[in-house]
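Novice: In this text, residue positions in the sequence shown follow the working numbering: the first is 39, and each later residue adds one. All residues carry an ideal CB built from backbone N, CA and C; glycine is no exception. Structure incoming, see below.
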Amino acid sequence: MAITGLVLMVNNYIRKKISRRFTGVEQMVLEARTPSAGELIAKFQDIPELGIYLHIPFCEQFCPYCPYNKELYHPELARKYTLALKKEIDFYVNIIGKRPVTSFYIGGGTPTTMLHTGMKDIVEHMYKSFNMRCSIHMESHPNHLDQKNLDSIRSLGVKYLSIGVESLQDRHLNTLKRPYTTEEVVKTVKRVSGQGFDCVNVDFIFDLPGQTYAEIEEAGQNLVNLGINQVAAYPLFRFPYTQLGKEARSNGRAVQTMFRRRRMLRILEKIFYRSGFERTSVWAFTRQGVSKYCSVTVPLYIGLGASGGSYLKDVFYLNTFNVAEYIRAMEKSGRATALSIDLTEKMQMGGWLYWRIYETRFKKSDFKERFHKDIDRIYGRYLKTFAFLGYLKDKGKEVVLTDKGTYWLHAFEDFFSIDYISKLWGTSSRNPWPERVAL
Ligand SMILES: C[S@@+](CC[C@H](N)C(=O)[O-])C[C@H]1O[C@@H](n2cnc3c(N)ncnc32)[C@H](O)[C@@H]1O
Ligand code: SF4
Numbered sequence: 039m040a041i042t043g044l045v046l047m048v049n050n051y052i053r054k055k056i057s058r059r060f061t062g063v064e065q066m067v068l069e070a071r072t073p074s075a076g077e078l079i080a081k082f083q084d085i086p087e088l089g090i091y092l093h094i095p096f097c098e099q100f101c102p103y104c105p106y107n108k109e110l111y112h113p114e115l116a117r118k119y120t121l122a123l124k125k126e127i128d129f130y131v132n133i134i135g136k137r138p139v140t141s142f143y144i145g146g147g148t149p150t151t152m153l154h155t156g157m158k159d160i161v162e163h164m165y166k167s168f169n170m171r172c173s174i175h176m177e178s179h180p181n182h183l184d185q186k187n188l189d190s191i192r193s194l195g196v197k198y199l200s201i202g203v204e205s206l207q208d209r210h211l212n213t214l215k216r217p218y219t220t221e222e223v224v225k226t227v228k229r230v231s232g233q234g235f236d237c238v239n240v241d242f243i244f245d246l247p248g249q250t251y252a253e254i255e256e257a258g259q260n261l262v263n264l265g266i267n268q269v270a271a272y273p274l275f276r277f278p279y280t281q282l283g284k285e286a287r288s289n290g291r292a293v294q295t296m297f298r299r300r301r302m303l304r305i306l307e308k309i310f311y312r313s314g315f316e317r318t319s320v321w322a323f324t325r326q327g328v329s330k331y332c333s334v335t336v337p338l339y340i341g342l343g344a345s346g347g348s349y350l351k352d353v354f355y356l357n358t359f360n361v362a363e364y365i366r367a368m369e370k371s372g373r374a375t376a377l378s379i380d381l382t383e384k385m386q387m388g389g390w391l392y393w394r395i396y397e398t399r400f401k402k403s404d405f406k407e408r409f410h411k412d413i414d415r416i417y418g419r420y421l422k423t424f425a426f427l428g429y430l431k432d433k434g435k436e437v438v439l440t441d442k443g444t445y446w447l448h449a450f451e452d453f454f455s456i457d458y459i460s461k462l463w464g465t466s467s468r469n470p471w472p473e474r475v476a477l
């Protein structure tokens with residue numbers, strides 16, 4: 039117990055030190071403030087293009103490991119949510135104007151719960167209201183992919199579809215409380231693969247309780263045999279506010295966990311590479327020649343819906359997580375922002391670097407274009423050190439993360455981002471309108 043306390047203290051100290059170095063502030067604090075329409079219009083003056091994230095916060099049942107904002111699906115609630123979302127779209131029409139929307143992602147929760155209770159209405163309203171210059175990337179649940187639903191999904195304009203498969207072994211599907219068998223989910227994925235989507239992604243969670251290396255090998259091979267275009271392989275993250283996170287209090291075996299995950303990831307990488315896949319983000323492996331399924335790709339974006347987050351250069355703001363409160367606020371004032379934070383240039387640069395590395399490569403000229411500064415002058419010594427350690431390759435004009443670097447980014451994500459996410463999302467799911475959240 040005393041050792042666990044000490045480890046937590048040391049971890050917090052390291053987190054704070056890294057955070058201070060990259061943000062320049064003691065602590066990042068989000069406060070209950072809503073950027074006005076006037077402020078947003080002014081920001082959009084020099085935003086040439088943007089992305090849109092749309093959150094569908096409904097699921098038919100909850101999985102014990104899941105950190106995302108969600109409530110139980112109810113058709114009546116979904117209809118009210120549709121009206122509220124349309125109001126939020128209307129709010130942004132005058133702010134965004136005709137600027138091209140070049141990336142559109144529908145996530146959840148489970149977007150496919152609303153396929154017949156509002157989704158078409160929402161998407162049509164978006165395409166009428168904004169200058170949409172992209173096709174849709176959407177998440178889906180395996181149990182929602184019969185032929186009728188697949189036809190609806192395609193007719194929405196979804197070209198990139200992700201399926202939350204999670205495991206191809208019944209005992210692990212049981213642990214995760216997923217409501218299907220391996221045989222059923224394999225049939226579903228094979229059906230989806232033949233439907234003409236530009237990219238079909240399968241989500242896969244590894245390092246499940248008691249999972250063996252032989253099981254990882256078998257699952258990796260079965261994944262590539264499914265005929266899909268992409269696999270997103272995540273280690274099981276234990277968010278402290280989820281059921282699984284509460285049950286799995288730190289067992290003091292962080293180092294063993296790190297090495298086990300690393301070995302599992304190596305097994306998967308080997309199988310994916312020899313089967314013609316390449317790494318396209320920290321988590322994702324995509325078949326060569328296929329354009330990847332991914333979340334919003336442009337650096338600046340707005341988030342619609344309960345828990346939608348927006349990042350517009352020097353401000354980040356977040357809608358309330360509570361669906362009833364989101365609907366009520368939209369009806370009352372047309373806004374549902376719960377928290378926001380103004381970002382210094384140092385924070386913006388740190389955030390930019392984090393997300394570009396997450397995509398495993400970036401051009402130095404993109405940094406210059408965004409911040410009018412030379413990246414080597416700001417982060418040169420870090421780039422040099424990490425290149426020396428073999429974590430990245432500095433190719434002069436471009437920086438590329440190596441497989442070794444990717445693994446350590448995994449570990450960093452587990453250590454760092456999960457702490458931030460747990461504070462922000464954990465507080466927001468308990469309290470619809472927090473006064474402040476300190477990260
Ligand atoms: C919103 S869900 C996908 C769509 C749908 N709701 C479903 O579950 O099929 C997003 C994905 O995040 C991943 N995920 C969720 N919780 C996770 C956790 N604790 N650790 C690792 N991956 C997780 C899963 O792979 C999941 O498919
Ligand atoms: S993993 Fe998917 S289905 Fe399960 S609770 Fe999370 S969003 Fe819902």
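Going by other Cβ atoms of all chains shown within 10 Å of its Cβ, with 16 needed for buried, is Pro113 buried or exposed?
Specialist: In the sequence shown, the residue the question calls residue 113 occupies position 75. Label assigned to Pro113: exposed.
Novice: Any residues whose CB sits closer than 6 angstroms to a heavy atom of ligand 2? List them in chain order?
Specialist: Every residue passing the under-6 angstroms Cβ criterion appears here: Cys97, Phe100, Cys101, Cys104, Tyr106, Lys108, Gly146, Gly147, Thr148, His179, Gly202.
Novice: Does the count of Cβ pairs from the segment 83 to 93 and the segment 141 to 161 closer than 8 angstroms reach three?
Specialist: Result yes; three or more Cβ-Cβ pairs closer than 8 angstroms.
Novice: So Glu77 is in the beta strand (DSSP E); what residue range does that whole segment cover?
Specialist: One-based indexing of the sequence shown puts residue 77 at position 39. Element bounds for Glu77: not the beta strand (DSSP E) but the alpha helix (DSSP H), 75 to 82.
Novice: Any heavy atom of ligand 1 within a distance shorter than 7 angstroms of the CB on Glu162?
Specialist: As a position in the sequence shown, residue 162 is number 124, starting the count at 1. Flag unset: Cβ of Glu162 not near ligand 1.
Novice: Among all the DSSP beta bridges, which residues are the ones paired with Thr375?
Specialist: Locating residue 375 in the sequence shown gives position 337, where the first residue counts as 1. According to DSSP, Thr375 bridges with Asn357.
Novice: Express the C-alpha separation of Asp412 and Lys406 in angstroms, rounding to a whole number.
Specialist: Within the sequence shown, the letter at position 368 stands for residue 406. Within the sequence shown, the letter at position 374 stands for residue 412. Roughly 6 angstroms separates the two Cα atoms.
Novice: Any beta carbon of chain B sitting closer than 8 angstroms to that of Thr155?
Specialist: Looking for chain B here will not work: only one protein chain is present.
Novice: From Glu255 to Glu109, what does the alpha carbon distance come to, in whole angstroms?
Specialist: If you number the sequence shown from 1, residue 255 lands on position 217. If you number the sequence shown from 1, residue 109 lands on position 71. Rounded to the nearest angstrom, the two C-alpha atoms are 35 angstroms apart.
Novice: May I have the straight-line CA-CA distance separating Lys284 from Thr295, to the nearest angstrom?
Specialist: Walking along the sequence shown from the start, residue 284 turns up at place 246. Walking along the sequence shown from the start, residue 295 turns up at place 257. Approximately 18 angstroms between the Cα atoms of the pair.
Novice: Excluding the 5 residues preceding and the 5 following Leu194 in the sequence, name in chain order all residues of the same chain whose CB lies nearer than 7 angstroms to its CB.
Specialist: The count along the sequence shown starts at 1 and reaches residue 194 at position 156. Only Met157, Lys158, Val161, Ile174 meet the Cβ criterion.
Novice: Is the segment 116 to 132 touching the segment 328 to 335 in the sense that three or more CB pairs, one from each, lie closer than 8 angstroms?
Specialist: The answer is no - the segment 116 to 132 does not touch the segment 328 to 335, with fewer than three Cβ pairs under 8 angstroms.
Novice: Please return the same chain residues whose Cβ sits closer than 8 angstroms to the Cβ of His182, not counting the five positions on each side in sequence.
Specialist: By one-based count along the sequence shown, residue 182 stands at place 144. These residues qualify, in order along the chain: Thr148, Thr150, Thr151, Leu153.
Novice: Count the other CB atoms, across all protein chains shown, that sit within 10 Å of the CB of His410; report buried if there are 16 or more and exposed otherwise.
Specialist: Translated into the one-based positions of the sequence shown, residue 410 becomes position 372. Label assigned to His410: exposed.
Novice: Please state whether DSSP places Tyr111 in a helix, a strand or coil.
Specialist: Residue 111 sits at position 73 when you count from the first residue of the sequence shown. DSSP places Tyr111 in coil when its eight states are reduced to three.
Novice: Sort Tyr417, Ser371, Ile309 by Cα distance to Trp390 and report the nearest one.
Specialist: What you label residue 390 is simply residue 352 of the sequence shown in a count that begins at 1. Trp390 has its Cα closest to that of Tyr417, out of Tyr417, Ser371, Ile309.
Novice: Is Ile365 closer than 8 angstroms to Tyr111 when the C-beta atoms are compared?
Specialist: Within the sequence shown, numbered from 1, the residue matching residue 111 stands at position 73. Within the sequence shown, numbered from 1, the residue matching residue 365 stands at position 327. Not in contact: Tyr111 and Ile365 (Cβ atoms no closer than 8 angstroms).
Novice: Please determine, among Leu381, Ser190, Glu363, the residue with the shortest C-alpha to C-alpha distance to Cys374.
Specialist: The sequence position of residue 374 within the sequence shown is 336, counting from 1. With the sequence shown as reference, residue 374 is identified as Ala, and Cys is not the correct amino acid for it. The shortest Cα separation from Ala374 among Leu381, Ser190, Glu363 belongs to Glu363.
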